[in-house]
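These notes are about the structure you will find just below.
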Amino acid sequence: MPNRLIVILPQGTTVADAHVKGRVRDESGQPLIGVNVHIKGTTRGTQTDSKGYFELNVPDNAVLEFSYVGYERKELAVSGTRDYDVVLQPNASGLNEIVVVGYGKQRKINLSGAVDVVSGKELDSRPLTNVSSGLQGLIPNLNITQNNGSPNAAPTFNIRGFTSINGGEPFILVDNVPVTIQELTLVNPADVESVTVLKDAAAAAIYGARASFGVVLITTKTGRSDKLAVSVNANYASRSIGRIPKIITDPLVTMQMKHEAATPLYNLYPDAVRAYAKRRSEDPSLPAVIVDPTNPNKYAYYGTTNWLKELYNDAAPAYSANFNVSKADKKLSFYFSGEYYKQQGMIKYGTDDFSRYGLRAKATYQVTDRIKIGTNSVFTNNVYDRPYFLSGDFFHNVNRTPSLSVPYNPDGSFTQDGAALIGVIRDGGRTNSNLNDYLTTLNADISLVKDVWDLKGDVTFRRTSSTLKSFGLPVPYTTGPGQAISYAGYNPSFSSNNNRIMRYNVYNVYTDFHKTFREKHYLQVLAGFNQEYRYEDTMAIDRKNLISNTLPTPQLATGNISQTEKATEWAVRGLFYRVNYIYNDKYIAEFNGRYDGTSRFPAKDRWGFFPSASVGWVASKESFFKPVSRALGMDLFKLRASYGSLGNQASSFAYGYIPQLPSRQINVILDGGLPVSVENPMPVSNSLTWENIRSINGGVDVSFFKDRLNISYDRYVRYTDKMLAPVKALPAVFGAPAPRQNAADLKTKGWELSVSWNDHVKVAGDELRYGVRLALADFRTFITRYDNPAKLLKDVNEGKAFYPGQEIGEIWGLETEGFFQSQDEITKHADQTAVGSDDQGYKFYVGDLKFKDLNGDGKVDYGKNTVDNPGDRRVIGNSQARLPYSVDLNLDWKGFDLRMFFQGIGKRDWYPNPGNHYFWGIYAQPWTNVQVQNMDHWTPENRDAYYPRVKSYIAEDASELGAPQTRYLQNAAYLRLKNITLGYRLPSSLLKRMHVSNLRVYFSAENVFTVSKLKANIDPEGLSGSVYPFQRTYSGGINLSF
């Protein structure tokens, strides 16, 4: 019989977790709120509450880690004590702060590249509708521009100035998954844990060709507390239009100005018409619409309509709510969140509504001591329902439609202008866009050698489906009694459906070795593989002549079916590495590189190697530096330098190296049908390859007075070589333009500065914590190579032509000397008919503009339109937005918190484009509005006026006002109070009785006021005027945590 051994274990050998608690304070005894407290080697942890207290269940022999931005990390071994009093010491510039970098994390002190970080707490401090609006102005030289005020508008991103003549944006990743700027608008701001911006090539090189113009790394939150944590946030906002141009609405003044502007080209308003305008101006109770005194078949309009106020809501509501639930223990960490946002648009007539909801589920599971797996899944739905005609043309028409017009005729029918504005928006059709976006990431982390060598991998699948359904209808109107009906909008009616699907896959696998040798030598080696594949397919169908306006689908239309389909795919693949060596936390060296390939270029030219190197020196740790540090109160003095080379593939179309065969249906019947013809392809270059971006960066980080004052300064030069550009024109007999080749270079140089001061003082017996942060930057860009040997200036002001030596953004224009005050002055002046036309035989009169004859040749002209012979033009300004800056102020006292965030542009010139009716008004066309500033025009009694004598068609094309000149060059710099938020957090003693860990109420205002020298009341972020108007927002909300 075999021997059997039976082991009997006593009960109670399993040791239960111990419950510990405590308080975390700074060196002055003040509680620290939001300190991360977690069990070392696990994901379990919690945060301190509003009084600095924490509670946590811990296993036997656990070690607690305390970390807080700006303070030294501290470890505490759990002993028999169960109640701890922890004091954290401030560190130099948060040197031990962990910063997310490419494919990993690093301590801030070990960074040698140009890197900036924004914590999620800074975004949480104010209500946000998207991540980009929260980042605007926070980081020097991260330039974010909101292009319009539309509910679903995506901004433009730029890091460190002008990138390429073909464009170029930062590479944006959310949890290591690349996203477009439009896709970034889908991210819930409340989910963001941190944002890291990699500015120079050394910091970004590990991402290779996608990162040629910087990287934005967004990391979302994870479960941290060992207790179930629940947060709920709700916000209600009221939005109103911000800056609105001021127009004249008095019918007599308006009519007189418009009539004078049109004279002698038209007798716009005969005496009888103007006589009634005078009567109605004196007696507004008279009808605004009468039968035209000069034509009994037409109506005459004497309205006082401010179309901006007529078409836009005085205020429109927006609602948002989000929640998150999280927890972390020995095995499982999870974070689950959801959001809902709804915004009513500013359009008064017809629905203009936007809504978004999303869910995120994020979890990690510790399978064994060596293996951890995780998942991160996100679903988002966007719906924007709006009038079909809500486009740039509509906003342009709003700007130019005269106040004399009214919406309706006496019989209730639309007027022509009423139909073109109210009619098409209310009755002219709809557009509904519906987007569903699903993303899931699966990841694994295998510890090959515990705390030394890891193998990591992740795979992401993104699927997006969107539909765009539109229909357009005719909108009837009449122009006079008994007149036939005419139509605005679409006549015949139509319906179209556009369906898009997108599949995007990302694969990463990399290994990370990190170890400290002999206590002073730290080495990290990271190497990996990345691959991305994206496929998009768009199918559209269009059909005219709807059978029923209430069922506007292509199936219920009788016209010919027009159907198109477009499919695009591209892929990138790369091998990457990073090597870090740090000696004694003083000397830092880092080497990054990537070997990248893209499908956008021919096989022989699609691969490139892009290396970088950076070094750092923490001089303040040197023994010889200590006397200097003590004398100056200096905590940190660190120098950084880097060099790197990256590629840019974004300038090339997915199939830019393959000749395209244009096809179209011809209008000739053959064999009973309309055949499709295929035309000769346009020539393409067979040697397209990467644009090459080289970057040199030098920086210094300094802190003083126990980390209260922190300063960072960087200077950089960036070379963009081998840009795709046209080369010499081919002979006309060739019949096609020359293909683009890698034939142009440019150079950008700039600097950036960040200064912050954080401190606390006693006020009425309580600590008042306050902080001030300043961000300031500048850059200039010059073309160094371009195939334009004659240095032609044609279209330079429109950004369509370049020449060697050109500074990007330069504005060439005439020098204005004032107005002609007498006929004798005109006779003696140089002939300037070549640059000014008033549609009256190219003659100038008293009250017209007088231009300076710069070259003294007796005439004012454009010369040969070259840099060497520009005629009487010179560089008068620059349109680049330079000296972007921000000032961030915050206070915290007795539960109250106040934040004021100012943002602006310090230097920018703008010349109003021809036809900008907000600025030029009737000087563009006599049919448009009379702007208030137009009243300051030249007359014999007002010789020092701003505008010349009243006349139209001189602010169009390139003549007189349409030609850039010094007099009307605008200073487009501005200062804006972007946000002010006042909050109050209830005392912890009261919250405990309510079983609540945090309850904060707040009031916030966005785009509060703007200081600008623009002549017209135009928003400096929307200079064209023909965009969805920007809004001012007032909101209130609550933050609640359990």
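Just so we're aligned: the sequence shown equals residues 962 to 2003 in the working numbering.
Heads up, the beta-carbon is just placed ideally off N, CA and C, and yes, glycines get one too.
**Message:** Please state whether the Cβ-Cβ distance between L1351 and Y1989 is less than 9 Å.
**Reply:** yes
**Item:** Cβ pair A1151, N1283 closer than 9 Å
**Value:** yes
**Request:** Would you tell me roughly how many angstroms separate the C-alpha atoms of N1890 and N1360, rounded to the nearest one?
**Result:** 7 Å
**Assigned secondary structure, Y1168 (DSSP; H/G/I helix, E/B strand, else coil)** = helix
**Own chain, CB closer than 6 Å to N1541, minus 5 neighbours either side, in chain order** = Q1485 and E1551
**Request:** On the DSSP bridge assignment, give the partners of H1878 in chain order.
**Result:** Answer by DSSP bridge pairing: none, since H1878 is not bridged.
**Prompt:** If we count the other Cβ atoms within 10 Å of its Cβ and call it buried at 16 or more, is Q972 buried or exposed?
**Reply:** Because the pLDDT at Q972 is just 43, under 50, the model does not fix this residue reliably, and the point stays unresolved.
**Item:** From A1163, A1322 and T1376, residue whose alpha carbon lies closest to that of S1294
**Value:** A1322
**Request:** Alpha carbon to alpha carbon, how far is E1728 from V1722? Give it in angstroms, no decimals.
**Result:** 6 Å
**Item:** Euclidean distance between Cα positions of V968 and P1020
**Value:** With a pLDDT of 43 at V968, under the threshold of 50, the modelled position of this residue cannot be trusted; read the value that follows with caution. Near 26 Å, if we compare the C-alpha coordinates of P1020 and V968.
**Message:** Tell me which residue opens and which closes the beta strand (DSSP E) that N1360 is part of.
**Reply:** Careful: N1360 lies outside any beta strand (DSSP E), inside the alpha helix (DSSP H) at G1353 to R1361.
**Request:** Give the straight-line distance between the Cα atoms of N1553 and I1133, rounded to the nearest whole angstrom.
**Result:** 19 Å
**Message:** For E1597 and R1185, I'd like the C-alpha separation in whole angstroms.
**Reply:** The question names Glu, yet the displayed sequence has Leu at residue 1597. Each residue's alpha carbon lies about 31 Å from the other.
**Spatial distance of E1036 from V1286 (CA atoms)** = 27 Å
**Item:** Cα-Cα separation between R1741 and E1771, rounded to whole angstroms
**Value:** 11 Å
**Request:** Output the boundary residues of the beta strand (DSSP E) element that contains T1788.
**Result:** T1788 -> not in any beta strand (DSSP E); alpha helix (DSSP H) instead, spanning Q1784 to K1789.
**Request:** Say whether the stretch 1308 to 1316 touches the stretch 1258 to 1275, bearing in mind that this needs 3 or more beta-carbon pairs closer than 8 Å, one atom from each stretch.
**Result:** yes
**Request:** Could you please give the first and the last residue of the uninterrupted beta strand (DSSP E) stretch that includes S1431?
**Result:** W1414 to Y1438
**Asked** Taking only beta-carbon atoms, is P1225 less than 9 Å away from chain B?
**Response** Among the chains of the structure shown, chain B does not appear; only one protein chain is present.
**Prompt:** Tell me which same chain residues have a C-beta within less than 6 Å of the C-beta of S1996, skipping the five on either side of it?
**Reply:** P1088, N1196, A1198 and S1965
**Asked** Secondary structure at I1630, three-state DSSP: helix, strand or coil?
**Response** coil
**Asked** Among T1794, E1967 and Y1448, which has the Cα closest to the Cα of A1919?
**Response** T1794
**Item:** Contacts around Q1143, its chain only, beta-carbon distance under 7 Å, and the 5 residues preceding and following it disregarded
**Value:** A1115
**Prompt:** Per DSSP, what kind of secondary structure is N1071 in: helix, strand or coil?
**Reply:** helix
**Request:** Please state if the CB of F1863 and the CB of L1852 are separated by a distance shorter than 9 Å.
**Result:** no
**Asked** Which class does F1350 belong to by DSSP, given the choice of helix, strand or coil?
**Response** coil
**Prompt:** Sorted by chain position, which residues of the same chain lie with C-beta nearer than 8 Å to G1443's C-beta, five sequence neighbours on each side aside?
**Reply:** N1258
**Asked** Quick one, which of Y1908, Y1945 and N1703 has its alpha-carbon nearest D1858's?
**Response** Y1945
**Prompt:** Buried or exposed: which applies to A1166, given that a residue is buried once 16 or more other Cβ atoms fall within 10 Å of its Cβ?
**Reply:** buried
**Request:** Can you give me the start and stop residues for the alpha helix (DSSP H) that P1588 sits inside?
**Result:** K1587 to L1593
**C-alpha distance - G1779 paired with A1906, whole-angstrom precision** = 10 Å
**Prompt:** Does the Cβ-Cβ distance between Y915 and F1315 come in under 9 Å?
**Reply:** The structure shown does not extend to residue 915, since the chain is modelled only from 962 through 2003, so no value can be given for it.
**Test item: CB-CB of G1774 and G1838 under 9 Å** = yes
**Asked** Would you say L1096 and V1078 are within 9 Å of each other, going by their C-beta atoms?
**Response** no
**Message:** Please report the straight-line C-alpha distance between S1426 and A1528, rounded to a whole angstrom.
**Reply:** 14 Å
**Item:** Cα-Cα separation, L1189 to T1329
**Value:** 23 Å
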